[in-house]
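Below: one structure, written as structure tokens.
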Amino acid sequence: MARKGLFKWKIAVYVARVASGITSPNDFNNKVLARHIVEAIRNVGAQLRDERMGSLICPICGKGPFTKRGYYLHLTRTHYYHLINLVEAESERILGVSKNIV
Ligand SMILES: [Zn+2]
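Sequential numbering of the sequence shown, starting at 106, is according to the working numbering.
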């Protein structure tokens, strides 16, 4: 699967867009992705959105405050694998599959 890396990159980008508020969780949709993946991206994005008095703080490492764009870049650069792991875990939870994916 040569395209799998690109696919994962896109998932991390989508999560970071939702978490930073560039895309609203309710507006995020993607017809190419399976339903449970879209749902997982929305949930994880919402979980990673920690806005305090107009500034974004990263709940993973506590850094910040960030602007929307700065937080988006921080997530995709610093927490790339973490984002993908969170989406994988969340989509497994949604499917109700108790499979070890780590
Ligand atoms: Zn961080």
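For glycine and all other residues, C-beta sits at the position ideal for the given N, C-alpha and C.
Fair warning: this is a prediction, and the values are worked out from it, not measured in the lab.
Element boundaries [alpha helix (DSSP H), containing residue i]
i: Thr183; result: Lys173 to Thr183
i: Asn148; result: Arg140 to Gln152
Inter-residue Cα distance where the pair is residue i and residue j
i: Leu161; j: Leu188; result: 17 Å
i: Asn135; j: Tyr185; result: 20 Å
i: Glu156; j: His179; result: 15 Å
i: Glu195; j: Gly150; result: 11 Å
i: Gly110; j: Asn190; result: 14 Å
i: Ile146; j: Arg198; result: 12 Å
i: Ala117; j: Asn148; result: 13 Å
i: Phe133; j: Arg122; result: 9 Å
Residue i CB to nearest heavy atom of ligand 1 below 6 Å
i: Ile165; result: yes
i: Thr183; result: yes
i: Lys113; result: no
i: Lys168; result: yes
Problem - Any 3 or more C-beta pairs closer than 8 Å across the segment 129 to 148 and the segment 169 to 182 - result: no
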